[in-house]
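Quick note, the sequences are listed as chains U and Y, same order. For the first sequence, the working numbering gives the first residue as 1, with consecutive numbering after it. For the second sequence, the working numbering gives the first residue as 475, with consecutive numbering after it. Note that beta-carbon positions come from the ideal geometry of N, C-alpha and C, so glycine has one too.
Protein chains: 2
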Amino acid sequence: MKNYYICLLGIIFIISYSHAKVINKEFDICREILGEELIREIGSYESVKDEILKYVIEGDFKGKTYNELAKFVDKFGARPSGTEALENSIDYIIERTREEDIDNIVTEELEVPHWSRGKEKITMLQPRIKNISVLGLGRSISTPPEGITAEVVVIRNFDELENSKEEDIRGKIVIYDPVYTTYGETGIYRTQGASRAAAKGAIASLVRSITPFSIYSPHTGAQTYDENVTKIPIGAITLEDADLIRRITKRGERVVLKIEMISSYDTKISRNTIIDLKGREKPESLVIVSGHIDSWDVGQGAMDDGGGIFISWAAPVILKRLNLQPRRTVRSIFWTAEELGLVGAYAYEEKHRDENHNINFIMESDVGTFAPLGLTVAGNQESRCIIGEILKLFKSINASALIETNSPGPDIAVITNTGIPGAGLYNANEKYFWFHHTEGDTMNVEDAHELDLGSAFWTAVAYIIADISVDIPR
Amino acid sequence: MKNYYICLLGIIFIISYSHAKVINKEFDICREILGEELIREIGSYESVKDEILKYVIEGDFKGKTYNELAKFVDKFGARPSGTEALENSIDYIIERTREEDIDNIVTEELEVPHWSRGKEKITMLQPRIKNISVLGLGRSISTPPEGITAEVVVIRNFDELENSKEEDIRGKIVIYDPVYTTYGETGIYRTQGASRAAAKGAIASLVRSITPFSIYSPHTGAQTYDENVTKIPIGAITLEDADLIRRITKRGERVVLKIEMISSYDTKISRNTIIDLKGREKPESLVIVSGHIDSWDVGQGAMDDGGGIFISWAAPVILKRLNLQPRRTVRSIFWTAEELGLVGAYAYEEKHRDENHNINFIMESDVGTFAPLGLTVAGNQESRCIIGEILKLFKSINASALIETNSPGPDIAVITNTGIPGAGLYNANEKYFWFHHTEGDTMNVEDAHELDLGSAFWTAVAYIIADISVDIPR
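What follows is the structure, given as structure tokens:
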């Protein structure tokens, strides 16, 4: 059941994110809602905002986010849920934070899934021998050791699958070859494809990687099995091979594949990491910035979500360095085990449910840390008005956009869905899905200046929300 | 010696190509040089040009170049020099041409190199275990079966290598990590890197892939060994791993790699393929269109150079279908074994040297078949004036640019260097090197409409040059 919920949450997040509209026009109404005094108060943060931006973009912190991120991902590489690399990386970032004289650090243990990729190989046997690059999807079962050899049927969408005769699917390998529209819309073939195909009698399934662009790059990702359906192996192939196989079958030729995919699955203990810069007046009241520290097992997890981690790490560090202690506590959370189902976020929400009234505002960066453009905000109109007024301060770096959303980030949606206001980093991430969940998710995607802008923006926004006289209403 | 020449030719081609200037201003002088009568004559081809464009872009040939290319590359895949796949693909295209009622087809046998990739694997052993994706370069020798394990030294350019102390290089693996500027400028680290490193005592070498963009994509390519230097293995790694290793070594850490690269090398017999659409008045006079039919062993060779082959195949086919028989012969040549050193082109030039005076004009498409923009032209001013006047006819499809060059294409430079005028397809190929010599060189790079434009343009230009009253002067 939980898996369904996770999946649904993810989809709602993505769809609402991609269909969201800029609501700057709301600002006119906001003038009435907020009143002149609060508007003046927010405007008075111009100088502290300038101080933070200057320190990060031109001052001593210039290039630091990029360098810290690079040292981190170069040292540990990919950090999949359940691995030693992930736990070592958590130890490292705690140690690194202590070096900044920040000691309010706790970790909270939880059980996390540990899905481990073994040998993966697909060979096209007919109409000719060809290697087909593949990345198995998270939680996929293994094929038998001798592999699965079968004819392929190429399916555009679930309607086509449902309308297929069972004899056309039974005993075959279903390849989903959907037209990419958005990650949310197209991603359902990855997350639900195995069970939907198995329900029609398929013995394995493959999905065209969820991306608009490829240089023969397979994209992995999570998937879940329905409870009452036979589990079949599922992997992602490249756009290039999906198109090749579709063209061949369209010409009336049979395509036969041999799929060998071995993986293992168990659980391990991991930790959410919580770093507090205590507030000077209302330390129990929290403004949370966050990202997830685990990654997929390909690439370095520099973009997903190393960048999110390090701009969220930068917030308390920069405030500490600048001796800026806001009224409320600024808390950094590094969620664990996001990739296999927001596992860290669910555990945190459950553990802290009784104190959730203390969360004044919660932020997450998990769709890239390219140049910041503003925030995607979940909350009522008054809360959006406050955030919108704060965002006006960031016109100089072109980061004033406010986008309304129901789900500002996959992890924090677990919390904002209970009515707590929150925001995601809206950034210039047009190419995000080119690299997402591939070997190409490395430091090469990151840009030092854009990360500086991100850290400066993230820190200044968190500081202002944590320091203003009013709470963010819910 | 020949290898040097090949390499030099390639570099001259690329450098002159990238530094060339549009010389439309020459057209004013051209009016005097050509005279009103010839200008009027060239202008009179407007209607036949329209007929060809209409037939290919909107008529029965619409989509045909893409579909024929897709059927071809899907059927044979990669076609490396010396393989059965290449020879079968030659048989297929001959058969396919005969089906178009074109029977003037000959093949000319020649000996070609057959370098065959075996197991290739690089593992970073220090500072941590990581797989490093690699593609060995053409003609690279193998490592010993147990591999080569050594520390790495990262080198930016040949100056840095020459200025290094021999003890810093001896016994090490040299990684060339040049800043990408142009293919020609940066490609020398691929083509000459092994011998230059070996001369300083290196035991293996790797080169950052020659591309401005990557999704963890290694790019293979040709390289040659100097005669009096120890041969050491050489391969290409991704931008991502080159940057990773540079960052780690810059932090003062040792990087140790284990390189295992096995390959074999012998020679085989292949064929140049020559298809003639005989001229009605001067059949001995040739207007040649061409591309190379061999490819690298990764991807499908759809872009390099399947597209060049199929727009050159289209030229005689379209003219035959439209019953357009020009004064001179239109000859299509599909060069073999280009990738390992223009081997087919050299053999053709040698075999036909006595009849080279019959080549009126020679064209080649080998830098992509994206939207055509015009031609890169080698020839004297008068010849450029004639070609420029012809190109004016293609303003409607935005393909009127004339770029002056010394080397209009790698294969045909072997011939144009003897003073024969020729041209390459100038096209919107900004992303060409993103896919070049990678697994990503597939039909996904190709666009049906752009290929239609290319076939229409290529055919109409060849027809007009083959039909006008004057020869192209040399």
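Handout entry: Secondary structure of R591 (chain Y), DSSP reduced to three states
Key = Three-state DSSP puts R591 (chain Y) in a strand.
Which of the three DSSP states, helix, strand or coil, is assigned to W809 (chain Y)?
-> strand
What would DSSP say about T916 (chain Y), mapped onto helix, strand or coil?
Looking at T916 (chain Y) - three-state DSSP - the assignment turns out to be coil, as it is neither helix nor strand.
Where N444 (chain U) meets chain Y, residues with beta-carbon distance less than 8 Å = S688, L713, E714 and D717
With a CB to CB cut of under 8 Å and the five nearest residues on each side skipped, what residues in its chain are close to S89 (chain U)? F72, K75, F76, R79 and I293
- Query: Which residues, in chain order, does the stretch 243-263 of chain U contribute to contact with chain Y at a C-beta distance below 8 Å?
  - Reply: For the stretch 243-263 of chain U, the set of positions with a beta-carbon nearer than 8 Å to some beta-carbon of chain Y reads D243, L244, R247, I248 and R251 in chain order.
Q. In this structure, does DSSP put G193 (chain U) in helix, strand or coil?
A. In the structure shown, G193 (chain U) adopts helical secondary structure according to DSSP, grouped into three states.
- Where E108 (chain U) and R271 (chain U) are concerned, what is the direct C-alpha to C-alpha distance, given to the nearest angstrom? 5 Å
Hey, would you say the C-beta of E446 (chain U) is under 6 Å away from at least one heavy atom of the ligand ZN? Inclusion of the ligand ZN in the displayed structure is not the case, the ligand content being empty and no account of it being possible.
Could you confirm whether any beta carbon from chain U is found closer than 7 Å to the beta carbon of A552 (chain Y)? no
- Query: For G914 (chain Y) and chain U, any beta-carbon pair shorter than 7 Å?
  - Reply: Output row for G914 (chain Y): interface = yes.
Alpha carbon to alpha carbon, how far is K495 (chain Y) from L849 (chain Y)? In this prediction, K495 (chain Y) scores a pLDDT of 46, lower than 50, which makes its location untrustworthy; the coordinate-derived value is nonetheless stated afterwards. One C-alpha to the other measures close to 12 Å.
Let me see if you follow: with CB-CB separation under 7 Å, is K130 (chain U) close to chain Y or not?
yes
Select from the stretch 535-549 of chain Y all residues with a C-beta closer than 7 Å to any C-beta belonging to chain U, and list them in chain order. A544 and D548
Practice problem: Would you mind telling me which residues of chain Y sit closer than 7 Å to S209 (chain U), beta carbon to beta carbon, in chain order? | Solution: Near S209 (chain U) there are no residues of chain Y at all, since even the closest Cβ is about 11 Å away, more than 7 Å.
I'd like to know whether the C-beta of S89 (chain U) is nearer than 7 Å to at least one C-beta of chain A. Of the protein chains in the structure, U and Y, none is chain A.
> chain Y partners of W296 (chain U), CB-CB under 8 Å?
Replying inline: Residues of chain Y passing the Cβ test: none, with the nearest at roughly 13 Å.
Residue from Y:D750, Y:S555, Y:D885 and Y:S518 whose Cα sits closest to the Cα of L613 (chain Y):
A small fix is needed here, since residue 613 (chain Y) is Arg in this sequence, not Leu. For the residues Y:D750, Y:S555, Y:D885 and Y:S518, the minimum Cα distance to R613 (chain Y) belongs to Y:S555.
Review point. Should S691 (chain Y) be flagged as near chain U, meaning a C-beta pair shorter than 7 Å?
Key: Yes - at least one Cβ of chain U is within 7 Å of the one on S691 (chain Y).
Alpha carbon of V763 (chain Y) to alpha carbon of F784 (chain Y), nearest angstrom | One C-alpha to the other measures close to 10 Å.
Original post:
Helix, strand or coil: which one does DSSP assign to S285 (chain U)?
Top reply: strand
**Request:** Answer with buried or exposed for K64 (chain U), where buried requires no fewer than 16 other C-beta atoms within 10 angstroms of its C-beta.
**Result:** Answer is buried; the Cβ neighbour count reaches 16.
- Counted within 10 angstroms of its Cβ, other Cβ atoms place P692 (chain Y) as buried (16 or more) or exposed: By the beta-carbon neighbour count (other beta carbons within 10 angstroms, threshold 16), P692 (chain Y) is buried.
Legend entry - C-alpha distance - A460 (chain U) paired with S396 (chain U), whole-angstrom precision: 13 Å
Quiz prompt | I567 (chain Y) classed as buried or exposed, judged by whether at least 16 other C-beta atoms fall within 10 angstroms | solution = buried
**Prompt:** What whole-angstrom Cβ distance do L125 (chain U) and L257 (chain U) have, given they're in contact under 8 Å?
**Reply:** 7 Å
- Message: Just to make sure I have the definition right: I need the residues of chain Y whose C-beta is within less than 7 Å of the C-beta of F433 (chain U). Which are they?
- Response: Within chain Y, no residue comes near F433 (chain U); the closest Cβ sits about 11 Å away, beyond 7 Å.
What three-state label does DSSP hand S263 (chain U) in the structure shown? strand
Here's the rule: buried if 16 or more other CB atoms are within 10 angstroms of the residue's CB, otherwise exposed. What is K165 (chain U)? exposed
Practice item. In angstroms with no decimal places, state the Cα-to-Cα distance between F909 (chain Y) and E829 (chain Y). Key: 37 Å
Practice task
Specify the secondary structure class of E109 (chain U) as computed by DSSP and reduced to three states.
Solution key: strand
So, for R156 (chain U): in the same chain, excluding its five sequence neighbours on each side, which residues have a beta-carbon less than 7 Å away from its beta-carbon? D177 and P178
Checklist entry - Quick one: Cα of L482 (chain Y) to Cα of Q855 (chain Y), how far? => result Summary for L482 (chain Y): the model assigns pLDDT 42, below 50, so the residue's position carries little reliability; its value from the coordinates is reported in the next sentence. Spanning the two alpha carbons is a distance of roughly 25 Å.
* **Inter-residue spacing [alpha-carbon to alpha-carbon] between A97 (chain U) and I318 (chain U)** => Note on residue identity: the sequence assigns Thr, not Ala, to residue 97 (chain U). Looking at the two C-alpha atoms, the distance is approximately 11 Å.
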